[in-house]
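Taking it in order: structure first as structure tokens, then the write-up.
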Amino acid sequence: MSENLLQRITLNSEICHGKPCVRNLRYPVEFLLELLSSGMTTEEILADYDDLETEDILASLLYAARLSQVKSIYKFAS
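Just so you know, we're using our numbering here: the sequence shown kicks off at 10 and counts up by one.
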């Protein structure tokens with residue numbers, strides 16, 4: 010099931026500067042994560058954005074979870 014969800018996340022250099030988006034709909038994963046972290050519920054997001062589906066939000070969360078499973082993080086000098 011998780012692989013089916015991840016297929017909803019698309020990378021296209023022509024859309025949102027190549028950021029990971031939901032089904033090429035110009036909804037970057039980071040945007041949906043920000044909505045969720047601001048306290049919006051899935052139901053509220055779906056009510057505000059008619060072309061999104063529950064699976065799109067779940068796919069965004071799964072994508073973020075997979076990104077966080079890196080082995081090491083290095084701090085670069087600023």
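Beta carbons are placed, not taken as given, at the ideal position from N, Cα and C, and that holds for glycine.
Looking at the strands, I want to know which residues DSSP matches up with residue i.
| i | result |
| --- | --- |
| P37 | C30 |
| I18 | V31 |
Report yes if the CB atom of residue i is closer than 7 Å to the CB atom of residue j, and no otherwise.
| i | j | result |
| --- | --- | --- |
| L14 | L71 | yes |
| I24 | R32 | no |
| I54 | L44 | yes |
| R17 | A74 | no |
Is it buried or exposed for residue i, if we count other Cβ within 10 angstroms and need 16 for buried?
| i | result |
| --- | --- |
| D65 | buried |
Closer than 6 Å to a non-hydrogen atom of the ligand FAD - does that hold for the CB of residue i?
| i | result |
| --- | --- |
| F40 | With respect to the ligand FAD, the structure shown offers nothing to examine, as it has no ligands at all. |
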